[in-house]
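Working notes, structure below.
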Amino acid sequence: MLNLQNRRTFDQQIYNQGLQAMTQEVIICHNLESDLEQAVERCPHDRLFVLADTTTRELCWPVVSHFACMQGARLITIGATDEHKTLDTLAHVWTALQEGGASRHSLMVNLGGGMVTDLGGFAASTFKRGIAYINIPTTLLSMVDASVGGKTGINFGGLKNEIGVFNCARTVLLDTDFLHTLDDRNILSGYAEMLKHGLISDVAHWAELLRFPLEDMDYATLQQMVAQSVAIKERIVEQDPTEQGIRKALNLGHTVGHAFESMALDQGKPVLHGYAVAWGLVCELYLSARMAGFPKQYLTQTVQFIREHYGTFAFDCKQYGKIYELMTHDKKNEGGIINFTLLADIGDIRINQHATKEDIMDMLDFFRDGF
Ligand code: GLY
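Sequential numbering from 0 applies to the sequence shown in numbering that gives the first Met the number 0.
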């Protein structure tokens, strides 16, 4: 039987292991080959697996596969896009690891967008109770958000990211050269998360994002803005790795955004995550102005930017009930009450805000009429 002293030591070990799993290094790459080689060396392993989707297998794996540190790696491929972020795909990855002889000392490298890094991170975190993994995000969305901060998971029961764990990649390697292969819609999808980071941080960064000429993009400036955006996220995640408090700031725009995204998926017309977040930002900034005094001129400027670049999401008032019902499943909620993150100003974050049903219906009217 453990005496109290031993028990304290045991608890402390579990706690330390938890913290270790929440520390990760994020590297802005100038030489992907040597950065990856060093990251792999820092994770001693018996077998090496790479997870790609059908798109990154064609476009990104050829860049990486000839690196000396990738020789002998076993490639696992899954379907591209969010429709494949399912239990079946997860089982496919577990099976491939098992059949490939993976042990607890194996290492997985996730090469892809948010779907690959989320699902791959979850597969690695659960296989034999967890193997180490490295993320190489290849989309703007996964560079500035999904690959950083240890949220992993899959969609389930018609809900986004319903099942998953917090467990950080050992290293995240950000190589903005991959962005040259992205189409405009995928750039915009990631840019919505950057806009969110601007809104929760400071006016100067937010204004820079609104000014940046997306149609005639300078990749060097984009790389600097990506580094700035990731630093904003890292600062918040470091304070609250498991989203007990301030990390909820990173959910600005997502309470409504996830509801739009789930509804679109359910209707068989999926929308890109960042588009749903951009539309969710319009709704939640409206609520911020109404409930927390968010300045009207910032609301107008942000809404105008989003309308110009992202268009709108079409729904009618008969669907308000469905959208409300989807919001009741948000992971931030407690006791069945929808829990919003709002802003009193740019960088002035208010977590755990409760809107009435009337506020929410007016918000949806604002989105449809004023948008
Ligand atoms: N995507 C929000 C977060 O990582 O907390």
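Even glycine gets a Cβ: it sits at the ideal position worked out from N, Cα and C. This one's a predicted model, so the numbers in the text were calculated from it and none came from an experiment.
Buried versus exposed call for residue i [16 or more other C-beta atoms within 10 Å across all chains shown]
i           : result
residue 318 : exposed
residue 18  : Residue placement at residue 18 is poorly supported in this model, since its pLDDT is 43, which falls under 50; the coordinates still yield a value, given next. Its Cβ having fewer than 16 others within 10 Å, residue 18 is exposed.
residue 338 : buried
residue 29  : exposed
residue 260 : buried
residue 268 : exposed
residue 333 : exposed
residue 13  : Bear in mind that a pLDDT of 38 at residue 13, under 50, signals an unreliable position, so the number given afterwards is only what the model happens to contain. Classification for residue 13: exposed.
residue 296 : exposed
residue 354 : buried
residue 105 : buried
Residues that DSSP places opposite residue i in a beta bridge
i           : result
residue 121 : Paired residues: none, contrary to the question.
residue 357 : Note: residue 357 sits in no beta bridge, so no partner.
residue 158 : 155
residue 349 : 341
residue 132 : 107
residue 299 : Partner(s): none; residue 299 has no beta bridge.
residue 333 : 336
residue 165 : 150
Boundaries of the alpha helix (DSSP H) in which residue i is found, first to last residue
i           : result
residue 111 : Note, residue 111: premise wrong, no alpha helix (DSSP H); beta strand (DSSP E) at 106 to 111.
residue 52  : Per DSSP, residue 52 belongs to no alpha helix (DSSP H); it is in the beta strand (DSSP E), 47 to 52.
residue 76  : Taken as a continuous stretch (DSSP letters only), residue 76 belongs to no alpha helix (DSSP H), being part of the beta strand (DSSP E) at 73 to 77.
residue 271 : No alpha helix (DSSP H) contains residue 271, which DSSP labels as neither H nor E.
residue 188 : 183 to 200
residue 223 : 218 to 238
residue 38  : 31 to 40
residue 256 : 253 to 265
residue 91  : 86 to 98
residue 325 : 319 to 326
residue 63  : 60 to 63
First and last residue of the uninterrupted beta strand (DSSP E) at residue i
i           : result
residue 26  : 24 to 27
residue 170 : 170 to 173
Query raised in the report: Counting Cβ pairs closer than 8 angstroms, one from the region 297 to 316 and one from the region 124 to 134, do we hit at least three?
Result: no
Query raised in the report: Should the region 202 to 218 be regarded as contacting the region 234 to 252, the criterion being three or more beta carbon pairs within less than 8 angstroms?
Result: no
Query - Contact between the region 193 to 208 and the region 52 to 68 (3+ Cβ pairs under 8 angstroms) - result: no
Query raised in the report: Do the region 104 to 120 and the region 138 to 146 touch if we need at least three Cβ pairs shorter than 8 angstroms?
Result: yes
Query raised in the report: Quick check: the region 157 to 170 against the region 179 to 190, are there 3 or more CB pairs under 8 angstroms?
Result: no
Query raised in the report: Per the contact definition of three or more C-beta pairs closer than 8 angstroms, is the region 352 to 363 in contact with the region 270 to 277?
Result: no
Query raised in the report: Counting pairs of beta carbons, one from the region 340 to 354 and one from the region 248 to 264, are three or more of them closer than 8 angstroms?
Result: yes
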